[in-house]
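Written out below as structure tokens is the structure these notes cover.
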Amino acid sequence: MAGSPTARRRRLSIELKKLRESSALTCAQVGQALDWSGSKVNRMETGSGRVQPSDVDALCRFYGTSDELREFLKSLAREAKTRGWWQVHGAGVPEWFNIYIGLEQDASTLRQYQCEVLPGLMQTEAYARELHTTGAHMSAEDIDRAVRVRLERQVMLTRPDAPEAWFVVNEGAVRNVIGDREVMREQLERILETTELPSVTLQVLPFDSGTYPATGSFTMLGFPAPEDPDLVYRDGITDAVYLEGEHHVREYTRAFDGLRAAALSPQRSARLIQSVVKEYSK
């Protein structure tokens, strides 16, 4: 069973939708049979609201599921109500990013392209703080919380069951000075240390790489259970987009493979970063 509350909620939504579709019914028809609104059924299937175990029980009895499946789905609904460790930090972490962190915690694979900044899972405290401070309308307390969450997230890369993480970063993110040269030197040294982890691979997309798939930053998450489909995550200043359809995943996989092919090898990427560290050490 998925570990984080977010992943449990997502798994529950997927299973409820599968049950309805296998019954060849619409949300409106199910809602009418249970004296609910069709929108309530839809919200339960999209994870846009909390699902009560009693509602899951009613749905399962209506669909005629086995007792074992009914109890499993009810347990997902109960456990989805718990709060993740990252949710205690209040306004330091926006709601739309809370969702991502919950999914990230359960991922077995992570593929990320960063075109402007270095990956959050590799950032130092000074680098992360500079990013949150510059241009942000956040209180000092919320900035502290946001930075703390970012650093705590990095523990996942050192877990025994760490996800297989593959990063492609644009050379501009390596050379763009965030804070000052000392902050960047320490940050790039952290990048080199992190890439020594057995589950982590990093490639740099150089300025002279030629034509490559034109896209902004994105992350693809894969999950160990075949019932939990891969998804694509893209965020902005005020919100995020989650793409789960096969078409989206296939096209972003193709784009990521193109970026990997255009990027330097992990070994040459490390040498490029080492050369920039030397420049910042002068």
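Heads up: the sequence shown is residues 64 to 345, going by this note's numbering. For every residue, glycine included, the Cβ atom is placed at its ideal position computed from N, Cα and C.
Counting the other Cβ atoms within 10 Å of the Cβ of V263 gives 16 or more, which makes it buried. Where E188 is concerned, there is no enclosing beta strand (DSSP E), although the alpha helix (DSSP H) around it starts and stops at 188-196.
For F286, no alpha helix (DSSP H) segment is defined, and its DSSP state is neither H nor E. About 6 Å separates the beta carbons of A236 and Q177, which is inside the 8 Å limit, making them a contact pair. Secondary structure of R297 (DSSP, three-state): strand. Less than 7 Å divides the Cβ of L166 from the Cβ of T69. Boundaries cannot be given for A143, as no beta strand (DSSP E) includes it and DSSP labels it neither H nor E. Under the DSSP assignment, Q337 falls in the alpha helix (DSSP H) whose first and last residues are 329-344. CA-CA distance, C90 to I77, rounds to 14 Å.
Straight-line spacing of the CA atoms in P276 and E234 works out to 15 Å. Counting only runs of 3+ residues, the beta strand (DSSP E) found wholly inside the segment 210-294 occupies 227-233, 263-268, 281-285, in chain order.
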